[in-house]
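K.L.:
Residue numbers (our numbering), protein chains in the order written: chain A, 1 to 285; chain B, 1001 to 1143.
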């Protein structure tokens, strides 16, 4: 079983800017990341240090809201092609009626494996039916959709615009569509939990970052708020490991999950099996 | 009087490690043309160090173990929070502390164009928050 980091962003990768120097502006001004770049080798070695085999590189298309994508899908696909350790998740702009076609192209032609959306930053409501054609397309393509929920470090995003309960209509309308609630929606963690225990197509991820170390924030939610008995009983098939690198290093989030002291089988599912299941769903399955 | 600065890079592989850079320093001194003077080796980062010790794996392991005891991974630290100026979590206080304990620079004499090192002295780049692409400077200064 491969260990998979279900969400990283390539915003610190030097090769990204070698290829597309103009992306420094959206990364800085829209995404809110200001550190100097590192070679792709650093990301690969960060994965090694975390015991991770493969990582999802994700992006966000904020064209309507802020005039640009963090990383265009074709550039992301190019970067993914630099290493067999990488997978790519596209983003499309749900405010654009051409978004379903763009997603079709990103998956069918560019080979990207999922969709990443951020209602607070992209400025749409997840439960607005104008976004539903995007979900319908994702469902038809058999790809998972990650929604950034809760606390959002991007300076232009508003936290209250990303409440997990906004996803209930999506989960109910598209029961086969695999939905990942990023960050367990912190601080709306109980909303995320409610969705995950009610809807079999709702998943949570481990990138729970607010303050303190990931080792404490991850434990605060899974052990403190949810309870490890709930994780074992109801969530072991519904949690995927994600670091949100470079917001934080994968090694620290991986250690945080390992320090929870979950059953070995549960840990194995969180670190890879659940992600593989999401990635390998066949269209219309 | 010459002042020759050479910037060198190393791609570290682990969270914490000591990397032998002795030959890199010697080469930089030899290339500098400085015959008699001093060489400074300086890290460009605040979560790494430059140090000197005996080049044996067991010594290296014990030194890292010492630093991990003195500045443990988990502690009652303030530097473990989101850093808005970076756009990322700053949760590496122990790395900064290990850097402080190790030091950021060493110096050796240059005599007749050669770095004067003791027989058991190895110069290390010390990584405390890897893996990362790192830089250090070898500054040869003299006649």
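We put the beta carbon where it would ideally sit given N, CA and C, even for glycine.
Keep in mind the model is a prediction, meaning the values are calculated, not measured.
In angstroms with no decimal places, state the Cα-to-Cα distance between residue 1024 of chain B and residue 1098 of chain B.
P.N.:
23 Å
K.L.:
State the beta-bridge partners of residue 59 of chain A as determined by DSSP.
P.N.:
Bridge partners of residue 59 of chain A: none, in fact.
K.L.:
When Cβ atoms are compared, which residues of the region 247-275 of chain A fall closer than 7 Å to chain B?
P.N.:
247, 248, 251, 252
K.L.:
Check distances from the C-beta atoms of the region 34-47 of chain A to those of chain B and list, in chain order, the residues that come in under 8 Å.
P.N.:
So the close ones are 34, 35, 38, 39, 41, 42, 45, 46.
K.L.:
Determine which residues share a DSSP beta bridge with residue 1082 of chain B and list them.
P.N.:
Per DSSP, B:1089.
K.L.:
Out of curiosity, what's the CA-to-CA distance linking residue 230 of chain A and residue 261 of chain A?
P.N.:
14 Å
K.L.:
If residue 183 of chain A and residue 160 of chain A are in contact, beta carbons under 8 Å, what's the gap, nearest whole angstrom?
P.N.:
Here residue 183 of chain A is actually not in contact with residue 160 of chain A; their C-beta atoms are around 15 Å apart, not less than 8 Å.
K.L.:
Should residue 1007 of chain B be labelled buried (16 or more other beta-carbon atoms within 10 Å of its own) or exposed?
P.N.:
exposed
K.L.:
Tell me whether residue 176 of chain A sits in a helix, a strand or coil according to DSSP, three-state version.
P.N.:
coil
K.L.:
If we cut at 8 Å on Cβ distances, does residue 209 of chain A have a partner in chain B?
P.N.:
yes
K.L.:
List the residues of chain B that residue 49 of chain A touches, going by C-beta distances under 9 Å, in chain order.
P.N.:
Ordered by position in chain B, the residues that pass the 9 Å Cβ test against residue 49 of chain A are 1013, 1014, 1015, 1130, 1131.
K.L.:
What separation, rounded to the nearest whole angstrom, lies between the Cα atoms of residue 165 of chain A and residue 191 of chain A?
P.N.:
Roughly 6 Å separates the two Cα atoms.
K.L.:
For residue 68 of chain A, which residues of its own chain have a beta-carbon under 7 Å away from its beta-carbon, when the five flanking residues on both sides are left out?
P.N.:
26, 30, 62
K.L.:
Mapping DSSP to helix, strand and coil, what is residue 206 of chain A?
P.N.:
coil
K.L.:
Please tell me whether residue 212 of chain A has its Cβ less than 8 Å away from any Cβ of chain B.
P.N.:
yes
K.L.:
Compute the beta-carbon to beta-carbon distance between residue 112 of chain A and residue 138 of chain A, rounded to the nearest angstrom, for a pair I have assumed lies under 8 Å.
P.N.:
That pair is no contact at about 11 Å.
K.L.:
Measure the beta-carbon distance from residue 4 of chain A to residue 241 of chain A and round it to whole angstroms, keeping in mind my assumption that it falls under 8 Å.
P.N.:
7 Å
K.L.:
Mind listing the chain A neighbours of residue 1142 of chain B? Cutoff is C-beta to C-beta under 9 Å, in chain order.
P.N.:
Simply none; closest approach about 32 Å.
K.L.:
Which residues, in chain order, does the region 172-199 of chain A contribute to contact with chain B at a C-beta distance below 9 Å?
P.N.:
Residues passing the 9 Å Cβ filter: none.
K.L.:
Checking contacts by CB at 8 Å: is residue 150 of chain A closer than that to chain B?
P.N.:
no
K.L.:
Can you list, in chain order, the stretches of the beta strand (DSSP E) that have 3 or more residues and sit fully within the region 110-196 of chain A?
P.N.:
114-117, 145-147, 179-181
K.L.:
Rank B:1130, B:1074, B:1123 by C-alpha distance to the C-alpha of residue 1017 of chain B and give the top, closest one.
P.N.:
Nearest of B:1130, B:1074, B:1123 to residue 1017 of chain B, Cα basis: B:1130.
K.L.:
Please check if any C-beta of chain A sits within less than 8 Å of the C-beta of residue 1007 of chain B.
P.N.:
So, not an interface residue.
K.L.:
Just the C-alpha distance for residue 146 of chain A and residue 75 of chain A, rounded to the nearest angstrom, thanks.
P.N.:
20 Å
K.L.:
According to DSSP, is residue 218 of chain A part of a helix, a strand, or is it coil?
P.N.:
helix
K.L.:
Write down the C-beta distance between residue 133 of chain A and residue 117 of chain A rounded to the nearest angstrom, noting that I regard them as a contact closer than 8 Å.
P.N.:
At roughly 13 Å, the Cβ-Cβ gap does not stay under 8 Å, so residue 133 of chain A and residue 117 of chain A are not in contact.
K.L.:
Just mark residue 250 of chain A as buried or exposed, buried being the case when its beta carbon has 16 or more other beta carbons within 10 Å.
P.N.:
buried
K.L.:
Which residue marks the beginning of the beta strand (DSSP E) containing residue 86 of chain A, and which one marks its end?
P.N.:
86-90
K.L.:
Among residues of its own chain, excluding the 5 on either side of residue 1029 of chain B, which ones have a beta-carbon nearer than 8 Å to its beta-carbon?
P.N.:
1039, 1110, 1113, 1114, 1115, 1138, 1140, listed in sequence order.
K.L.:
Beta-carbon of residue 1082 of chain B versus every beta-carbon of chain A: anything under 8 Å?
P.N.:
For residue 1082 of chain B, the closest Cβ of chain A is nearer than 8 Å.
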